[in-house]
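This report refers to the structure that appears directly beneath it.
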Amino acid sequence: MNICGYYPESINEGEGLRASIFISGCRHFCKGCFSPATWNFNYGDPFTKEREAEIIDDIKNNPLLSGLTILGGDPFFSAAEVSAFIDRLRQQVGPISIWIYSGYTFEEITENPESPEYELLRRCQVLVDGRFVEELRDPSLRYCGSSNQRLIDITQSLILGKVSIWQPTFSF
Amino acid sequence: MALLNPIYTDREVMLDEVITLGEEIVESRNLEVLRENANLNGESFSGKMSKFGSEYAKWYAEHFVMPKRLVQSIKDNIVYVHDLDQYAIGTTNCIFIPFDKLLREGFNTGNGSVRPPNSIMTAMALVAIIFQSQQNSQYGGVSANKIDFDLAPYVRKTFSKNLIKGLEYFEEGDLDSTNVGEISMSRSDLQELYPKAFKFATKETKSETLQAAESLIHNLNTMSSRAGGQIPFTSINYGTDTSPEGQLVIDSLLTATMRGLGNGETPIFPIQIFKCKQGVNQAPDEPNYSLFLKAAECSAKRLYPNFANLDAPLNLMYYKAGDPDTEFATMGCRTRVLSDRFGRNHLSGKGNLSFNTMNLVKLGLEHGIVLGQRKVADERGFYRELDLYLDIALEGLLHRFNIQKAQKAKASDFMMREGVWEGGEHLHPEEPVGDLLKHGSLSIGFIGLAECMKAMYGKHHGEDSNVYNKAYELISYMRNYCDRQSERHNLNITLFATPAEGLSGKFTKRDKATYGAIAGVTDREYYTNSFHIPVYYSISAAKKIELESAFHGLCNAGAISYIELNGNARSNPAAFLQIIQYALSQQVSYFSINHPIDRCSACGFEGIIGATCPSCNSHENDVHIRRLRRVTGYLTGDYQTRFNAAKQAEVRDRLKHNT
Chain U
92 MNICGYYPES INEGEGLRAS IFISGCRHFC KGCFSPATWN FNYGDPFTKE
142 REAEIIDDIK NNPLLSGLTI LGGDPFFSAA EVSAFIDRLR QQVGPISIWI
192 YSGYTFEEIT ENPESPEYEL LRRCQVLVDG RFVEELRDPS LRYCGSSNQR
242 LIDITQSLIL GKVSIWQPTF SF
Chain W
65 MALLNPIYTD REVMLDEVIT LGEEIVESRN LEVLRENANL NGESFSGKMS
115 KFGSEYAKWY AEHFVMPKRL VQSIKDNIVY VHDLDQYAIG TTNCIFIPFD
165 KLLREGFNTG NGSVRPPNSI MTAMALVAII FQSQQNSQYG GVSANKIDFD
215 LAPYVRKTFS KNLIKGLEYF EEGDLDSTNV GEISMSRSDL QELYPKAFKF
265 ATKETKSETL QAAESLIHNL NTMSSRAGGQ IPFTSINYGT DTSPEGQLVI
315 DSLLTATMRG LGNGETPIFP IQIFKCKQGV NQAPDEPNYS LFLKAAECSA
365 KRLYPNFANL DAPLNLMYYK AGDPDTEFAT MGCRTRVLSD RFGRNHLSGK
415 GNLSFNTMNL VKLGLEHGIV LGQRKVADER GFYRELDLYL DIALEGLLHR
465 FNIQKAQKAK ASDFMMREGV WEGGEHLHPE EPVGDLLKHG SLSIGFIGLA
515 ECMKAMYGKH HGEDSNVYNK AYELISYMRN YCDRQSERHN LNITLFATPA
565 EGLSGKFTKR DKATYGAIAG VTDREYYTNS FHIPVYYSIS AAKKIELESA
615 FHGLCNAGAI SYIELNGNAR SNPAAFLQII QYALSQQVSY FSINHPIDRC
665 SACGFEGIIG ATCPSCNSHE NDVHIRRLRR VTGYLTGDYQ TRFNAAKQAE
715 VRDRLKHNT
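In order, the protein sequences belong to chains U and W. Quick note, our numbering runs 91 ahead of the 1-based positions in the first sequence. Quick note, our numbering runs 64 ahead of the 1-based positions in the second sequence.
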């Protein structure tokens, strides 16, 4: 698995100050995508054990972080590997909130509860879902690009068996 | 060490200098001179007129007034005398204005007297006038240290008038004026007795206070009364008054600031400072917590307010509950006076008198390892020379203080006659201000701690914990020097984390000419502000806060820490709030978050704009994109047209704590 971006602190990809990791590779090919270069699974740098350790260390030592955000590409095309990374991260850092972005919808991911994609989803707290639709692009949206995309409270949605929209814990 | 440069007295050379000074201004030839101060339009007529005065006044002071050693230390590029143009005439720097007293007693601007206001509308209008009048008596920032407390009585008066009016409209009865006591918005008994009138009065008072706040902010951004079309350097501090009237003042100021100016633009002035205090506004069950949240919202939208930490040990030690005049506040970019060795331990009615700044980098270059002349830094030599220049900087402050003391009260007419400087009202206009000024502070500032460490040890204090300890020792040493000299001279001598707007590039330019471009030391166009970790150094926000916070405790003349955010701060309130409260918890005394605000002149979109506006797709080549950034604590208009080159470079280099 390659990663093509890492911000130790960001305010743009989810609530609070979050670390963000961009996983290379995507097969949704949305028209108007802001970074088509990341579609390529070989783009960026290999996510080596050393790189992983560095990032885990960063997260562990940053008292200001609210959590981690995983985006891409689309991390769901590398679901098993991303899940394994999350497990190792939690072993070392403890419980930590994870936001994840996907071009798949919540419904698509949850179709098969045996799948690695479902396993990955289960490990995360908030899903920003859906393909980017150029006609629905709206720069004023919070944490996403087009108005079809949803911010989903994963835990709540899995309990209820239907999509439950995430609510900000604090809002101006 | 011997002083380097002889002072020339050749009359031909002097004449050449005077002529060049004039020509450069007339022909707008030297943009660095004209843009030294981002708030002054040095290319305008009045800006040039002011530059003529100030450039010549500096020249005169250096040649005929100042101690020779001080002039030489300037030429050595180690000491910098701020506001040198005011040196010879004895003007003072900044002040906390006792608005409560001036509004309660009325005042005289010189041409006529003004009665105490009877409504919040008039009171806020008078605040603007007082700021303006005071600005002309001094050269630095004018500040209201507790504007919520100062204005609350006039909200009460407005409410009282509205309640009486309401009683008449709704025919709910008459107030027994002999027994009613003070009418205020907190009187639930009156609310029960006269529900309709009370509701009416509350609504009217809210609307009048908001209007008053809007007009205050408009006034403070439009009254170009300083030379060069500058507006007064105003600051307002608030946040701790928990009376409903005080809360309404705070709330209205924040709402008005968020609404912005005529076209919704971000106001440049006044600098606003929200005073954070545990038990008052820091936790959900505290009376002013919702105002703190609103302040964070406003700051995310408008860059102001900044956040003052009343619980930082350096501030808490002077805090007396129930006396808002003992609450830490700032006079603009960061200056602070609080303690006073003569027992005047409150803020209003005094201020900073002047400050001289040390170029730590040059001392580091002379005694460090970076030039390759030695393997180990020559610390003894460094401190020996530091001592010499500290003495010279202090000698300059004391010399200037004597000039300031000798000025007649009438020279700072409004300030003294009206007792804006406490006690001035007792002076005869012809009497020198004398000992009254001893309540102010004389400060020694410093710049470029990071580059100094790099020059001394090869790393700056963000890179290495041993170097960090050295850096902390150095600043402690300077603070001890100030404390010792306070005792010796029986004056308030304090240590200042200099903002250095005009100065940021000046020291560097000359050091670069002397030593060449040395990586991490002189290879940029500016030196790093005070004790800050360099803006270009990659470090987490939390780590930057932790490293810088210890220095706040040392800088009793004032300091600020910033975190840079890239991204739309408005859409992530949780992050914004978290960072502020983290900084407060780390004992940072004064804190703010920088984030870019761009404004598209085609559609009015405000946020982050690259080359094209995300809202209307206009390109920056076709429409003007106004890009607002903070410099030293003040905002300016578009930084690309108003900042000097050094500060423009600094903004470009700022490493954002994300993306």
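Using N, Cα and C, we set each Cβ at its ideal position, and we do this for glycine too.
Chain W within 7 Å of U:Ile102, Cβ atoms only: yes
Alpha helix (DSSP H) containing W:Cys546: first to last residue? 529-553
Which runs of the beta strand (DSSP E) at least 3 residues long sit entirely within the stretch 190-242 of chain U? Give them in chain order. 217-220
Limits of the unbroken alpha helix (DSSP H) element including W:Arg366: Per DSSP, W:Arg366 belongs to the alpha helix (DSSP H) from 353-366.
W:Leu167 and W:Ala187 - do their beta-carbons sit closer together than 7 Å? yes
Between W:Gln346, W:Ala372, W:Lys210, W:Lys365, which has its C-alpha nearest W:Lys339's C-alpha? W:Ala372
Excluding the five sequence neighbours on either side, which residues of its own chain have a C-beta within less than 7 Å of the C-beta of W:Ala457, listed in chain order? Val143, Asn420, Met422, Ile508
Please say whether U:Leu156 and U:Leu218 have beta carbons closer to each other than 7 Å? no
Could you tell me the distance, in whole angstroms, from the CA atom of W:His146 to the CA atom of W:Ser418? 7 Å
Taking just the CA atoms, how far does W:Ser550 sit from W:Val425? 26 Å
Residue interval of the beta strand (DSSP E) (run including U:Ile112): 109-114
Assign W:Thr43 to buried or exposed, taking buried as 16 or more other Cβ atoms, counted over all protein chains shown, within 10 Å of its Cβ. Past the boundaries of the shown model lies residue 43 of chain W; chain W is included only from 65 to 723, so the question cannot be answered.
Quick check: is the beta carbon of W:Gly631 nearer than 7 Å to any beta carbon in chain U? yes
Check the Cβ-Cβ distances between U:Pro127 and every residue of chain W, and say whether any is below 7 Å. It does not: the Cβ of U:Pro127 has no partner Cβ on chain W nearer than 7 Å.
According to a CB-to-CB cut-off of less than 7 Å, which residues of the stretch 666-694 of chain W neighbour chain U? Listed by position, the residues of the stretch 666-694 of chain W near chain U (Cβ gap below 7 Å) are Pro678, Ser679.
Cβ contact (3+ pairs, closer than 8 Å) linking the stretch 465-481 of chain W and the stretch 383-392 of chain W: no
Can you name the residues that DSSP bridges to W:Asp662? W:Gly671, W:Arg691
Cβ-Cβ distance between W:Ile247 and W:Ser224 below 7 Å: Yes, the pair counts as a contact, with Cβ atoms nearer than the cut-off.
What runs of the beta strand (DSSP E), each 3 residues or longer, lie entirely inside the stretch 257-333 of chain W? 298-302
Return the residues of the stretch 637-662 of chain W that lie within a Cβ-Cβ distance of less than 9 Å from chain U, sorted by chain order. Pro637, Ala638, Ala639, Phe640, Leu641, Gln642, Ile643, Tyr646, His659
Anything in the stretch 103-120 of chain U with a Cβ closer than 7 Å to a Cβ of chain W? List those residues in chain order, please. The residues in question are Asn103, Glu106, Gly107, Leu108.
Give a yes or no on whether the minimum CB-CB distance between U:Phe223 and chain W is below 7 Å. no
Assuming contact is defined by CB atoms lying nearer than 7 Å, are W:Lys469 and W:Gly504 in contact in what I supplied? no
According to DSSP, is W:Ala208 helix, strand or coil? strand
Under 7 Å between C-beta atoms, does W:Glu527 make it to chain U? no
Counting only runs that start and end within the stretch 429-496 of chain W, where is the alpha helix (DSSP H) found for 4 or more residues in a row? 443-470, 477-481
How long is the line joining the alpha carbons of W:Ser594 and W:Asp547, rounded to whole angstroms? In a straight line, the C-alpha of W:Ser594 is about 19 Å away from that of W:Asp547.
Taking the alpha helix (DSSP H) that U:Thr246 falls in, what are its first and last residues? 245-251
Taking the alpha carbon of W:Leu134 as the point to measure from, which residue in W:Leu462, W:His524, W:Gln642, W:Tyr600 has its own alpha carbon closest? W:Leu462
Beta carbon of W:Asn209, beta carbon of W:Leu411: below 7 Å? yes
Based on DSSP bridge pairs, tell me the residues matched to U:Asp136. U:Asp136 pairs with U:Ile94.
Exposure of W:Gly310, with buried meaning 16 or more beta-carbon neighbours within 10 Å: Buried, by the Cβ-count rule.
From W:Lys132 to W:Val440, what distance separates their C-alpha atoms? 33 Å
Proximity test, Cβ basis, 7 Å: W:Glu361 and chain U: yes
Indicate whether at least one CB of chain U lies closer than 7 Å to the CB of W:Ser635. yes
Can you check which of these residues, W:Glu76, W:Phe109, W:Gly174, is closest to W:Pro493 by C-alpha distance? W:Gly174
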